[in-house]
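Sequential numbering from 6 applies to the sequence shown in my numbering. For reference, the structure is listed below as structure tokens.
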Amino acid sequence: MLRELKTFMAVAEHGTFAAAGAHIGLTQSAVSAQIQRLEEELGIALFDRTGRSARLNSDGRQTLALAGELMTLYARLGRHGDAAEKSGMLRVGAIASAQVSFLASAIETFRQRLPGWHLRIVPGVSLNLLSQVDAGEIDIAVLIRPPFALPSELKWRPLVKEPFVLLVPEAVGGQPWRALLRHAPFIRYDRNSFGGRLVERFLRRARLNVQDVVELDELQAIVQLVSHGVGVALVPKAAALGPWPAGVCALDLGDATFHREIGLIERPRQSPDHAAHQFADEVGRAAEAIARA
Numbered sequence: 006m007l008r009e010l011k012t013f014m015a016v017a018e019h020g021t022f023a024a025a026g027a028h029i030g031l032t033q034s035a036v037s038a039q040i041q042r043l044e045e046e047l048g049i050a051l052f053d054r055t056g057r058s059a060r061l062n063s064d065g066r067q068t069l070a071l072a073g074e075l076m077t078l079y080a081r082l083g084r085h086g087d088a089a090e091k092s093g094m095l096r097v098g099a100i101a102s103a104q105v106s107f108l109a110s111a112i113e114t115f116r117q118r119l120p121g122w123h124l125r126i127v128p129g130v131s132l133n134l135l136s137q138v139d140a141g142e143i144d145i146a147v148l149i150r151p152p153f154a155l156p157s158e159l160k161w162r163p164l165v166k167e168p169f170v171l172l173v174p175e176a177v178g179g180q181p182w183r184a185l186l187r188h189a190p191f192i193r194y195d196r197n198s199f200g201g202r203l204v205e206r207f208l209r210r211a212r213l214n215v216q217d218v219v220e221l222d223e224l225q226a227i228v229q230l231v232s233h234g235v236g237v238a239l240v241p242k243a244a245a246l247g248p249w250p251a252g253v254c255a256l257d258l259g260d261a262t263f264h265r266e267i268g269l270i271e272r273p274r275q276s277p278d279h280a281a282h283q284f285a286d287e288v289g290r291a292a293e294a295i296a297r298a
């Protein structure tokens, strides 16, 4: 609730959700969502909303006074010298493939540098993780680059680019990839995911009509389905997938190759000394090491 109280105090100070968001680095929708959660938690309305302005009502004014006292007490909690800067909880969102590749190395080195900080890894698909960072529910997230412009309050840090290949059962590996996509059963990367949207865009651009048999988001499961002969699939050549299983081969797409970009979403307002910024640096170094391997 502390995060929501800080946002509430910013709205009270700046007069509108948009102005408060610009000051604290959140979008207007994220501010609105936090205020709604706070009002639901407290069981009262805090503002009289008129057009774009948000004026404190009587309950809101009382809550503001108490919130100020609470923040003052919280600031004093556990502060012994600079101890507050050396400890805390960092909430990191991550897609599955990042968790089993470079994220583990980044966590190890971060813990060595800042042992007082605890990490909470929040799993999820890229779209949900992006929304959580935008709403301030998590601090940073490792995800697939969105196919649309990011909110100005968020910063994209590129990490790795993974080329897509056509994964096929070894028995049909000698056929042209275009022919296989037209005629073989197709295991589709979920179109609701950012990676799946890349696949859909590629198929449309190449004017290829595929024969869908199953659609899912988990890449490891897609690889296993190909190894069992269920069909063929367009998947990124990701370090997290490791070597292809026996009985499977990957066909290069040649000049038609497209890529999945993995990166990190963070807030540019964080200082270079902030734990989130330092963890992001460790993630970047770990991703570079895997790319060079």
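Note that beta-carbon positions come from the ideal geometry of N, C-alpha and C, so glycine has one too.
Assigned secondary structure, residue i (DSSP; H/G/I helix, E/B strand, else coil)
i      : result
Ala244 : helix
Ile126 : strand
Thr295 : One point to set straight first is that residue 295 is Ile, not Thr, in the sequence displayed. Three-state result, Ile295: helix.
Phe52  : strand
Asp257 : coil
Ala238 : strand
Glu167 : strand
Gly93  : strand
Cβ distance (whole Å) where residue i is taken to contact residue j below 8 angstroms
i      : j      : result
Leu171 : Val237 : 6 angstroms
Ala281 : Leu95  : 6 angstroms
Leu69  : Ala17  : 5 angstroms
Phe284 : Phe115 : 5 angstroms
Ala111 : Ala291 : 4 angstroms
Val177 : Ile143 : Not a contact, Cβ separation roughly 42 angstroms.
Closest residue to residue i among the options (Cα-Cα distance)
i      : options                        : result
Gly200 : Leu256, Val127, Phe263         : Phe263
His233 : Glu158, Leu75, Cys254          : Cys254
Ala38  : Arg60, Gly141, Gly65           : Gly141
Val127 : Leu213, Arg116, Val147, Leu119 : Val147
Val173 : Lys166, Ser157, Pro190, Trp161 : Pro190
Gln104 : Ala245, Phe284, Arg290         : Ala245
Ser102 : Trp182, Pro273, Thr114, Pro241 : Pro241
Ala294 : Leu164, Ser131, Ile145         : Leu164
Val36  : Asp222, Val231, Thr55, Leu10   : Leu10
Leu119 : Ala109, Gly93, Leu132, Arg125  : Gly93
Ala296 : Glu167, Gly129, Ala25, Ser157  : Glu167
Val219 : Gly121, Arg193, Ser198, Leu208 : Arg193
Trp122 : Val130, Glu113, Gly129         : Glu113
Ser136 : Gln33, Asp286, His28, Ala109   : Gln33
Val288 : Leu132, Gln41, Ala99           : Ala99
Gln117 : Lys91, Arg210, Ser58           : Lys91
Arg125 : Arg210, Ala109, Glu223         : Ala109
Gln41  : Phe13, Thr55, Asn62            : Phe13
C-alpha distance - residue i paired with residue j, whole-angstrom precision
i      : j      : result
Gly30  : Thr21  : 14 angstroms
Gly179 : Asp260 : 18 angstroms
Ala15  : Ile145 : 22 angstroms
Leu47  : Glu74  : 17 angstroms
Leu134 : Leu186 : 31 angstroms
Ile267 : Gln67  : 46 angstroms
Asp217 : Pro248 : 25 angstroms
Ala88  : His279 : With a pLDDT of 49 at Ala88, under the threshold of 50, the modelled position of this residue cannot be trusted; read the value that follows with caution. Looking at the two C-alpha atoms, the distance is approximately 13 angstroms.
Close beta carbons around residue i, own chain, < 7 angstroms, minus the five adjacent residues each side
i      : result
Asp257 : Val170
Arg60  : Phe52, Asp53
Arg202 : Pro152, Arg196
Leu155 : Trp161
Leu221 : Asp195, Ile227
His28  : Ala15, His19
Same chain, Cβ closer than 6 angstroms to residue i, five either side skipped, listed in chain order
i      : result
Leu159 : Ile270
Gln229 : none
Ile49  : Asp64
Arg272 : Gly30
Glu205 : Arg196
Gly252 : Glu175, Ser232
Ala25  : Ala15, Val16, His19, Val36
Cutoff 8 angstroms; reference residue i; Cβ partners in own chain excluding five residues on either side
i      : result
Val235 : Pro190, Ile192, Val218, Val219
Asp139 : Leu31, Thr32, Ser34, Ala35, Pro156, Glu158, Leu159
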